[in-house]
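Q: Per our numbering: the sequence shown ends with 280, consecutive numbering throughout. Backbone N, C-alpha and C fix where the C-beta goes; we use that ideal spot for every residue, glycine too. Here the structure is a predicted model, which means the values were calculated and not measured. Mind having a look at this structure? Questions to follow.
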Amino acid sequence: MFDSTLRPKLDPLLERLAATIARAGISANQVTWAGLAIGIAAAGAIAAQFFWLGLVLVLASRLCDGLDGPVARIAGKSDYGGFLDIVLDFAFYGLIPVGFVLADPQANAVAGAVLVLSFYVNGASFLAYAIMAERHGLEGQSHGEKSIFFTTGLAEATETLAVFVLMCVFPQWFATIAYVFAAICFYTALSRIVLAARTLR
Numbered sequence: 080m081f082d083s084t085l086r087p088k089l090d091p092l093l094e095r096l097a098a099t100i101a102r103a104g105i106s107a108n109q110v111t112w113a114g115l116a117i118g119i120a121a122a123g124a125i126a127a128q129f130f131w132l133g134l135v136l137v138l139a140s141r142l143c144d145g146l147d148g149p150v151a152r153i154a155g156k157s158d159y160g161g162f163l164d165i166v167l168d169f170a171f172y173g174l175i176p177v178g179f180v181l182a183d184p185q186a187n188a189v190a191g192a193v194l195v196l197s198f199y200v201n202g203a204s205f206l207a208y209a210i211m212a213e214r215h216g217l218e219g220q221s222h223g224e225k226s227i228f229f230t231t232g233l234a235e236a237t238e239t240l241a242v243f244v245l246m247c248v249f250p251q252w253f254a255t256i257a258y259v260f261a262a263i264c265f266y267t268a269l270s271r272i273v274l275a276a277r278t279l280r
């Protein structure tokens with residue numbers, strides 16, 4: 080919901096950092112892989128109940144996610160890079176809830192499973208709509224220049240990051256936060272189904 084609002088404010092800073100990274104000879108794909116590696120470390124820290132370390136690593140991982148696109152625009156974009164970005168983003172989104180489940184399986188397992196299911200459904204609606212939008216020649220620039228069509232919803236990257244931050248700061252409230260955000264993700268998926276019914280006939 081807030082991605083398209085925040086992106087114009089963040090882009091100038093990200094572009095300056097991306098220029099430095101590109102000059103160092105680091106590719107966009109390397110930045111994407113680094114984001115996943117840091118995300119794995121974040122999930123490990125959370126599983127070990129080092130929640131504040133997990134928070135720092137979550138933020139560092141998402142900084143990489145914000146930088147790989149600008150680096151690609153400087154060094155040269157590729158379809159593979161866009162593909163890799165989406166796949167590893169979804170891997171990250173699954174890793175963090177799993178970290179909390181491993182930290183306290185008895186308290187968090189069911190809520191974590193529901194949250195991951197909601198990510199799965201929401202992600203499927205996002206990717207399926209993007210494929211159909213491509214077939215119908217739909218275009219959108221509200222999220223900046225992307226490899227695939229991005230639809231706006233209540234649960235996007237900014238909201239997911241905010242939820243992960245809340246979980247790291249208040250780990251004892253993981254289950255409650257997870258259930259609430261899962262409901263938002265399910266609603267976002269449902270809204271895309273309604274949008275598809277209106278626009279793809």
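So the candidates are T267, F179, S106; which of them puts its Cα closest to the Cα of G123?
A: F179
Q: What does the alpha-carbon distance come out to for the pair L163 and T111?
A: 7 Å
Q: Since C264 and A241 are thought to touch, with beta carbons under 8 Å apart, how far apart are those beta carbons, to the nearest angstrom?
A: Contact flag wrong, Cβ pair sits at about 13 Å.
Q: What did DSSP end up calling S221 once you bin it into helix, strand or coil?
A: Summary for S221: the model assigns pLDDT 46, below 50, so the residue's position carries little reliability; its value from the coordinates is reported in the next sentence. Three-state DSSP puts S221 in coil, outside helix and strand.
Q: Where does V195 land, buried or exposed, given buried means 16+ other C-beta within 10 angstroms?
A: buried
Q: Using only the alpha-carbon positions, how far apart do R102 and S204 sit?
A: 37 Å
Q: Should I125 and A170 be called a contact, given that it needs their Cβ atoms to be closer than 8 Å?
A: no
Q: How is I105 classed by DSSP in three states: helix, strand or coil?
A: coil
Q: Helix, strand or coil: which one does DSSP assign to L245?
A: The three-state reading of DSSP puts L245 in helix, counting H, G and I together.
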